[in-house]
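Written out below as structure tokens is the structure these notes cover.
Residue numbers (UniProt numbering): 1 to 236.
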């Protein structure tokens, strides 16, 4: 696993937001890519699929905080529960929340999975946003995992306005194992789905059908090579 960088670069946005990040052009996926996905391309928040002021937001796979900060600024009357298992990413996430003086964010250094347990997470030296349960050949670390339903129970969340997921293949096991009652409390889900042979139950179409079965309507489905962005909404 990479060591904490001696210095961080700064990305400034017109609304005053500051995001600290690692500027490493040798990385296959540098930090600026997930920042741009959230802040420039708005992959998770297409037109009409917005974070509302009073939303309770859950960010699974928070990385260094691009979406956590984005959602906390928009859900000023709500709250953001942010989960990131990588120690280095989590440390930068903490700094980014602090430098933006955000008080409506709760940070947790843990992974989300189908069971409450500990599992080996593999870190990709070429992609600091790519730690996965399903990769091989990289440095591994034992991380604590909880279930999606545990987030609702631990934080007494009656309704989640927006669930964002970027968890490198764990989206399938997380959602397929979530009880129906939890879906009744989630209005919008925006996720990056991954297509890799080593991921169990890896079938984006089956995932879409599963979510439709729980009352969701597809707002956006944008497949790419090996992954895609899916946004679904449920009417309350």
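Note that beta-carbon positions come from the ideal geometry of N, C-alpha and C, so glycine has one too.
Query raised in the report: What is the DSSP secondary structure of residue 41, reduced to helix, strand or coil?
Result: coil
Report task. With a cut-off of 8 Å on the beta carbons, I'd call residue 227 and residue 188 a contact; round off their distance for me. Result -> Actually they do not touch by this definition, with Cβ atoms about 20 Å apart.
Query raised in the report: So, do the segment 156-171 and the segment 100-110 have three or more beta carbon pairs nearer to each other than 8 Å?
Result: No, because fewer than three Cβ pairs between the segment 156-171 and the segment 100-110 fall closer than 8 Å, the two stretches do not touch.
Query raised in the report: Do you know whose CA, among 99, 123, 58 and 198, lies nearest residue 81's CA?
Result: 58
Query raised in the report: Would the beta-carbon of residue 153 fall within 7 Å of that of residue 114?
Result: No, Cβ-Cβ distance for residue 153 and residue 114 is not below 7 Å.
Requested in this report: Please determine, among 63, 73, 111 and 43, the residue with the shortest C-alpha to C-alpha distance to residue 91.
Outcome: 63
Requested in this report: For residue 188, name the three-state secondary structure that DSSP assigns.
Outcome: strand
Query raised in the report: Which class does residue 62 belong to by DSSP, given the choice of helix, strand or coil?
Result: coil
Query raised in the report: Helix, strand or coil: how does DSSP classify residue 79 here?
Result: The answer is strand: DSSP assigns residue 79 an E or B state.
Query raised in the report: Do three or more CB pairs link the segment 174-185 to the segment 70-88 at distances below 8 Å?
Result: Under the 8 Å Cβ criterion, the segment 174-185 does not count as touching the segment 70-88, having fewer than three qualifying pairs.
**Report entry** Inter-residue spacing [alpha-carbon to alpha-carbon] between residue 222 and residue 117
**Finding:** 32 Å
Query - Sequence-distant residues of its chain with Cβ nearer than 7 Å to residue 35 (five each side left out) - result: Only 11, 19, 21 and 66 meet the Cβ criterion.
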